[in-house]
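As structure tokens, the structure follows; a few thoughts come after it.
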Amino acid sequence: MADILTKRTEDYAQWYNDLVLKADLAEHSDVRGCMVIKPHGYAIWEKMQSALDAMFKATGHVNAYFPLFIPKSYLAKEASHVEGFAKECAVVTHYRLKSDPVHGVVVDPEAELEEELIVRPTSETIIWNTYRGWVKSYRDLPLLINQWANVVRWEMRTRLFLRTAEFLWQEGHTAHATRAEAIEETERMLDVYATFAEEWLAMPVIKGIKTASERFAGAEETYCIEAMMQDGKALQAGTSHFLGQNFAKAFDVVFTNKENTQEHVWATSWGVSTRLMGALIMTHSDDHGLVIPPKLAPVQVVIVPIAKNEEQMEAARTYVAPIVQAMRARDITVKLDDDDKRKPGWKFAEYEFKGYPVRIAVGPRDMENGTVEVARRDTMEKQVMQVVDLAEKVEHLLGHIQDNLYQKALTLRERYTRSVDTYDEFKVAIEEGGFILAHWDGTAGTEERVKNETKATIRCIPLDGDAAPGKCMVTGAPSARRVIFARAY
RNA sequence: CGGGGUGUAGCGCAGCCCGGUUAGCGCGCGUCGUUCGGGACGACGAGGUCGGAGGUUCGAAUCCUCUCACCCCGACCA
């Protein structure tokens, strides 16, 4: 793997953008700040969706769907929530157009909405307004619901998958009878995200808690998973919020407990988005293009016949048919690319860009020898293999690739994670990139100062790892434990 | 909203300063032939309101005025 950390950030941004386009994942739409997710990109997202959805179901959650539009008054009910999102809301003010001799079509000024509708930047408000009617008794709790949806945040600067005006995500919104149970849920879902990131995306993450300044608008505590990209910058890959009773109070969601007294419910919300696609790309890809971990690859093995003419192609089809069958029997997804409109060299390059984990080439030479050529995308190694037990060998190879990708990413993260004790050391280290473990006095003032002077933010207060107390690197005041500083996406 | 920049074929660009035949190049696209084990080559071909409006001029992609759109840097942000 090229040491991309040594590349300059602008180069990395360029590399990322080119890769997304070349791997045929997505492109900018003509619509401002919006993205078109192309079939290959969407297929990977679907794999993420189905894996996550299964994990949500396994932890007792069900799916539902709530409206795209939120009346402005709902959003305004939770003070810090509206403050947090106000600057990036798309607003619907009219419901009709009319033709105009000069401009063609104009908004009909007669058709102004009595109350503006906000295109959801997140759904807490509309969901809690709905939950009010659903929760009456402790017997109705917990309420464990997830929704797959799109949301809109009118960002100034957008980047494919990482920050777009509209994005796809899932948002879980749960209601609980007790504080402890809600916190337990918040932490459970954080664990689900961490497991998903590590086992499916092959992306190591650090679980932690956000500082007050980075906290979700309306939350009492925000948990997160943070990953390191190949340029050493941090990416927040998922969040899980303990909302306390803030939304229950704002929307008057109360239940009668076993003691027959009324209480506000306790809430959580948690989400991951198509940003995970960006995380996937920036964690594993190289100068040859995208690298998809086998568990998320829409197609794990692609077979490319080398054939001069239709007879040779037909011979190759016959030759690989039992191989394909054997692999499918092992739940390996296989594509036989017998398209004669593209040549082998073109296909090799194409599947590399697109990140297919394993490519098998079959030519006349192989058919004589009873072999195939197996190429793995992660290391770019090619190997001639006997067709005997090929499906089993490929199954193992896919497992190795998945593990190798995780290990590679972990090695990079560990290499660029270090502790510093003084602010001077910190300033040097932050220029080198990566995660920096340092003591912090817990004040917003110090955090702000570090951010202004170095552009580094506190990514999280880790839940695991070195928990020894110390002295703040900036002020020398007591620190409970080291926190992670980094420059972030 | 500040500071820069760019609009010419599907994409990327040259031409503009210094106005002058039919607006050009690369990629891509189409047809045919030779190729096909790492993005082939050749021949032929299709494709343009030069962002828009107005002006100067015998003549405007080129000069002037206005306008629109987009991009980059910053503030903001998952």
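Residue numbers (our numbering): 733 to 1221. All C-beta atoms, glycine included, are put in the ideal place defined by N, C-alpha and C.
When the options are compared against residue i, the one with the closest alpha-carbon
i     : options                       : result
A1047 : W1002, G1021 and G1102        : G1102
Q1118 : M1099, Y955 and G1131         : M1099
F987  : R1062, S805 and W866          : W866
K1203 : L1195, R1097, V1126 and V1215 : V1215
W886  : M960, Y1138, A982 and G765    : G765
F788  : E846, T1006, D1198 and R920   : R920
G1021 : E847, F1080 and L1122         : F1080
A1061 : T1178, E844, A783 and E1127   : E1127
Y774  : A1029, E846, A909 and R1145   : A1029
E898  : V937, A949 and V884           : V884
V1206 : P1194, E1157, W880 and I850   : E1157
D1019 : T1149, M1112 and S761         : M1112
P1037 : V1106, E991, I1064 and R947   : V1106
W880  : W1002, E810 and A966          : W1002
T825  : E991, V837, A843 and K819     : A843
Which of helix, strand or coil DSSP assigns to residue i
i     : result
P803  : strand
T918  : helix
I938  : strand
A1218 : strand
S945  : helix
F1085 : helix
T857  : helix
H996  : strand
E903  : strand
R828  : coil
I769  : strand
H1020 : coil
W1002 : strand
S898  : According to the sequence provided, residue 898 is Glu. The question's Ser does not apply to it. Three-state DSSP puts E898 in a strand.
V867  : coil
R1074 : coil
R891  : strand
V924  : helix
V752  : helix
V814  : helix
V884  : strand
V823  : strand
Continuous beta strand (DSSP E) stretch holding residue i: start and end
i     : result
I850  : E844 to V851
Y955  : E953 to M960
I1168 : F1167 to H1171
R1150 : T1149 to S1151
S972  : A966 to G976
V986  : V986 to T988
First and last residue of the uninterrupted alpha helix (DSSP H) at residue i
i     : result
T1015 : R1007 to H1016
E1157 : Y1155 to E1164
K1183 : A1176 to T1186
E759  : It is not in any alpha helix (DSSP H) - E759 instead sits in the beta strand (DSSP E) that spans A758 to H760.
E1043 : E1042 to A1061
Beta-bridge partners of residue i, as assigned by DSSP
i     : result
L1068 : I1035
C1192 : I1216
I1092 : I1035 and V1106
N795  : N878
P1210 : K1203
M1117 : V1104
V839  : L829
Burial state of residue i, where buried means 16 or more other Cβ atoms lie within 10 Å
i     : result
L829  : exposed
N878  : buried
T971  : buried
K1140 : buried
N978  : buried
N861  : buried
Y797  : exposed
W1172 : buried
R1147 : exposed
T763  : The identity of residue 763 in the sequence shown is Val, whereas the question assumes Thr. Exposed.
D693  : Nothing can be reported for residue 693: it is not among the residues displayed for the chain, which extend from 733 to 1221.
V1090 : buried
S869  : exposed
A1093 : buried
E1185 : exposed
Y863  : buried
M1014 : buried
D963  : buried
A1176 : exposed
R1108 : buried
K965  : buried
Cβ-heavy atom distance, residue i to the ligand FAD, below 7 angstroms
i    : result
V937 : Only the bare structure without any ligand can be found here, which leaves the ligand FAD out of the picture.
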